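Undergrad: Those protein sequences? They're chains A and B, same order as listed. The first sequence runs 53 to 258 under the working numbering. The second sequence runs 53 to 258 under the working numbering. Okay, here's the structure, questions in a sec.
Protein chains: 2
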Amino acid sequence: MSSVDTPTPEPGTRMRSGDRREQLLAAATAVFGERGYVGATTDAIARAAGVSQPYVVRTFGTKEALFLAVLGRALDRMLVAFRTALAADDPATSATARISAAYVELLSDRGLLLSLMHAFVLGSDPVIGAAAREGFLCVARFLREEAGLDPEEARAFLAYGMLLNTLVGVRMADLYETDAAARELLDAAMPTKIDLLLRIRDAEKR
Amino acid sequence: MSSVDTPTPEPGTRMRSGDRREQLLAAATAVFGERGYVGATTDAIARAAGVSQPYVVRTFGTKEALFLAVLGRALDRMLVAFRTALAADDPATSATARISAAYVELLSDRGLLLSLMHAFVLGSDPVIGAAAREGFLCVARFLREEAGLDPEEARAFLAYGMLLNTLVGVRMADLYETDAAARELLDAAMPTKIDLLLRIRDAEKR
DNA sequence: GTCTATAGGATGATAGAC
DNA sequence: GTCTATCATCCTATAGAC
Chain A
53 MSSVDTPTPE PGTRMRSGDR REQLLAAATA VFGERGYVGA TTDAIARAAG
103 VSQPYVVRTF GTKEALFLAV LGRALDRMLV AFRTALAADD PATSATARIS
153 AAYVELLSDR GLLLSLMHAF VLGSDPVIGA AAREGFLCVA RFLREEAGLD
203 PEEARAFLAY GMLLNTLVGV RMADLYETDA AARELLDAAM PTKIDLLLRI
253 RDAEKR
Chain B
53 MSSVDTPTPE PGTRMRSGDR REQLLAAATA VFGERGYVGA TTDAIARAAG
103 VSQPYVVRTF GTKEALFLAV LGRALDRMLV AFRTALAADD PATSATARIS
153 AAYVELLSDR GLLLSLMHAF VLGSDPVIGA AAREGFLCVA RFLREEAGLD
203 PEEARAFLAY GMLLNTLVGV RMADLYETDA AARELLDAAM PTKIDLLLRI
253 RDAEKR
């Protein structure tokens, strides 16, 4: 896991606090997405951001608070992307299709969807679980109330979203060229956006 | 997390090695399902099984090997359940419907689906990721080759399966009575089996 | 704002008795 | 087969200098 975003500044370089915070959140999102909440270490996040480990902890207070901030940022970005997609006047495509395209685009934000996914499977954790439930419901409410989907459409959207998350998390694209079942699955799940997925995969090959 | 399965035997009680192995796997499945691979400790698994921590490690060699054994057992049980459901001569229902019912029944096996889910989101791990990909593909191949689903049916089954896993993992049922969006979501996702989900939830309330 | 040094607590794994 | 004792490692968080 090398640095994230903007090239790592020289150690000790000062930065405006908002920028630094965003840089740390982006790095943390990538690392949490890859290793999960418990598996990600504050040290790995610090290295990804090019700062010291204690600084990461200092900035957010605790690792848990950092993860909650990552989740909040991920949810914000998702809803912004959805609202933007809905607002675009493209009468030819359905609301579901537009939101789906915006969802897939979120894959470019490294670790964003997977950090959420890791949170979703930690429902037993008193703090993270509560945040994860609220985040999931926030999306569900958006689909019903703002996007105007009916219950069945909302359920279908969420189901295919979870399948996409899972296929990305398990790195099924690693087998795209070598396994027929993997290829069929990815082609079925991402009819138009396979190229995006493979590009992201190759960018992450280390 | 108290003991699992059969009442905890007195410390030091000997057991036939096959039985003991199954007991440890059941306990490990529950703990891994709840806390994930990294978050689950061999100590918590040992306590859930009523044995000592070193014994758990000794029996499987490493925590990683234990997790792989849990995944293998989960996959075996899933495929057995699917094949049984297919074999039952119930011409009234489709293959998808019969397999779906069998899938939901797997929720009774505590932590089984969630342990798989935790593995699925750890695709970056060289060992666990490879096992997770193979496990997922194993199910996908079963759906296409043995169950006779077409690509779109298989994709739909997997998508709703991942949504179910996520709703269980995030413990959405905890909000069933208090949040309208949660209730609508669960009612849509589990039209017939809400009672099973709520029963399992209440059984796990500690 | 950011770093170095380090305390303090858990955790996976090993050794060896019974 | 199973336990007790213990080691070595890793990791979050704190203290304090610059």
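Glycine is no exception: its CB is placed at the ideal position from the N, C-alpha and C atoms. Computed from a prediction, not measured in an experiment: that's the story for all the values here.
Smallest Cα separation from Val83/B: which of Val122/B, Arg73/B and Ala208/B?
TA: That would be Val122/B, whose Cα lies nearest to the Cα of Val83/B.
Undergrad: Is Ala78/B close to chain A? Criterion is C-beta to C-beta, closer than 8 Å.
TA: Not closer than 8 Å to any Cβ of chain A, the Cβ of Ala78/B fails to qualify, so no.
Undergrad: Name the residue from Thr136/B, Gly163/B and Arg162/B whose alpha carbon lies nearest to the alpha carbon of Arg150/B.
TA: Looking at the Cα atoms, Thr136/B is the closest of the given residues.
Undergrad: Classify Ala92/B as helix, strand or coil using the three-state DSSP reduction.
TA: Three-state DSSP puts Ala92/B in coil, outside helix and strand.
Undergrad: Is the number of C-beta pairs between the stretch 124 to 138 of chain A and the stretch 191 to 200 of chain A that are closer than 8 Å three or more?
TA: Result yes; three or more Cβ-Cβ pairs closer than 8 Å.
Undergrad: Spatial neighbours of Lys245/A within its chain, please: C-beta separation below 6 Å, excluding the five flanking residues on both sides.
TA: Cβ neighbours of Lys245/A beyond the five flanking positions: Val156.
Undergrad: Evaluate Ala117/B with the Cβ neighbour count: other Cβ atoms within 10 Å of its Cβ, from every protein chain shown; 16 or more gives buried, anything less gives exposed.
TA: When all chains shown are included, Ala117/B counts as exposed.
Undergrad: Which same chain residues, not among the five before or five after Gly200/A, have their C-beta less than 8 Å away from its C-beta?
TA: For Gly200/A, where only same-chain residues beyond five positions count, the Cβ hits under 8 Å are Ala147.
Undergrad: How close, in whole Å, do the beta carbons of Met224/A and Ala208/A come, if the pair is a contact with beta carbons under 8 Å?
TA: So it is not a contact: roughly 21 Å between Cβ atoms.
Undergrad: Flag this pair as yes or no: are the beta carbons of Val108/B and Gly91/A separated by less than 8 Å?
TA: No.
Undergrad: Let's test the definition: count the other Cβ atoms within 10 Å of the Cβ of Val179/A and tell me whether it reaches 16, buried, or not, exposed.
TA: Val179/A should be labelled exposed.
Undergrad: Using DSSP with H/G/I as helix, E/B as strand and the rest coil, what is Leu315/A?
TA: This structure leaves residue 315/A out entirely; chain A is present only between 53 and 258.
Undergrad: Which residue from Glu205/A, Gly221/A and Ala240/A puts its Cα closest to that of Leu168/B?
TA: Taking only the C-alpha atoms, the option nearest Leu168/B is Gly221/A.
Undergrad: Just the C-alpha distance for Ser104/B and Ala98/B, rounded to the nearest angstrom, thanks.
TA: So the alpha carbons of these two residues sit roughly 5 Å apart.
Undergrad: Does Tyr228/B get closer than 8 Å to chain A when you measure Cβ to Cβ?
TA: No, because no Cβ of chain A sits closer than 8 Å to the Cβ of Tyr228/B.
Undergrad: Report the residue from Leu159/A, Thr81/A, Leu216/A and Lys115/A whose alpha carbon sits nearest the alpha carbon of Leu237/A.
TA: For Leu237/A, the nearest C-alpha among the options comes from Leu216/A.
Undergrad: Starting from Lys115/A, trace the alpha helix (DSSP H) in both directions and tell me its first and last residue.
TA: Lys115 to Ala139 is the extent of the alpha helix (DSSP H) around Lys115/A.
Undergrad: Quick one: is Pro178/A near chain B, going by C-beta distance under 8 Å?
TA: No - not a single Cβ of chain B is within 8 Å of the one on Pro178/A.
Undergrad: Give me the Cβ distance between Leu227/A and Arg125/B, rounded to the nearest whole Å; I'm assuming they're in contact under 8 Å.
TA: Contact doesn't hold; Cβ gap of about 23 Å is too wide.
Undergrad: Identify the contact partners of Met169/B in chain A, using a Cβ-Cβ distance below 7 Å as the criterion.
TA: Simply Val173.
Undergrad: Using a Cβ-Cβ cut-off of 6 Å (strictly less than) and excluding sequence neighbours within five positions of Ser54/B, which residues of its own chain qualify?
TA: Here the model assigns Ser54/B a pLDDT of 42, short of 50, so the residue's position is not dependable and the matter cannot be decided.
Undergrad: Tell me whether Leu174/A sits in a helix, a strand or coil according to DSSP, three-state version.
TA: In the structure shown, Leu174/A sits in coil (DSSP, three-state: anything other than H, G, I, E or B).
Undergrad: Is the shortest distance between the beta-carbon of Lys245/B and the beta-carbons of chain A less than 8 Å?
TA: Chain A, which has no Cβ nearer than 8 Å to the Cβ of Lys245/B, makes this no.
Undergrad: Within the same chain, show all residues whose beta-carbon is closer than 7 Å to that of Gly181/A, passing over the 5 residues directly before and after it, in chain order.
TA: Around Gly181/A: Leu174 and Gly175.
Undergrad: Terminal residues of the continuous alpha helix (DSSP H) containing Tyr52/B?
TA: Here chain B has residues from 53 to 258 only, and residue 52/B is not among them.
Undergrad: Measuring alpha carbon to alpha carbon, tell me which residue in Ala79/B, Pro63/B and Arg73/B is nearest Asp161/B.
TA: Out of Ala79/B, Pro63/B and Arg73/B, Ala79/B has the C-alpha closest to the C-alpha of Asp161/B.
Undergrad: Pick out whichever of Gly64/B, Lys115/B and Gly88/B has its Cα sitting closest to the Cα of His170/A.
TA: Answer by Cα proximity: Gly88/B.
Undergrad: Phe134/A to Lys257/A, Cα distance in whole Å?
TA: Each residue's alpha carbon lies about 29 Å from the other.
Undergrad: Tell me the residue span of the alpha helix (DSSP H) that contains Pro106/B.
TA: Run containing Pro106/B: Gln105 to Phe112, per the alpha helix (DSSP H) assignment.
Undergrad: List, in order along the chain, the chain A residues whose C-beta lies closer than 8 Å to that of Ala233/B?
TA: Residues of chain A passing the Cβ test: Leu189, Ala192, Arg193 and Arg196.
Undergrad: If you measure from the beta carbon of Val222/A to each beta carbon in chain B, is any gap under 8 Å?
TA: Yes - at least one Cβ of chain B is within 8 Å of the one on Val222/A.
Undergrad: Please confirm if Ala211/A has its CB atom under 8 Å from at least one CB of chain B.
TA: Yes, its Cβ sits closer than 8 Å to a Cβ of chain B.
Undergrad: Distance, Cα to Cα, Leu189/B vs Glu204/B?
TA: Cα to Cα, the separation comes out at about 15 Å.
Undergrad: Go through its chain and collect everything with a Cβ distance to Asp95/A's Cβ below 6 Å, but skip five positions before and after it.
TA: So the qualifying residues of the chain are Gln105.
Undergrad: Classify Leu199/B as helix, strand or coil using the three-state DSSP reduction.
TA: For the record, residue 199/B in the displayed sequence is Ala; it is not Leu. In this structure, Ala199/B counts as coil in the three-state DSSP scheme.
Undergrad: Any Cβ of chain B within less than 8 Å of the Cβ of Glu157/A?
TA: No, because no Cβ of chain B sits closer than 8 Å to the Cβ of Glu157/A.
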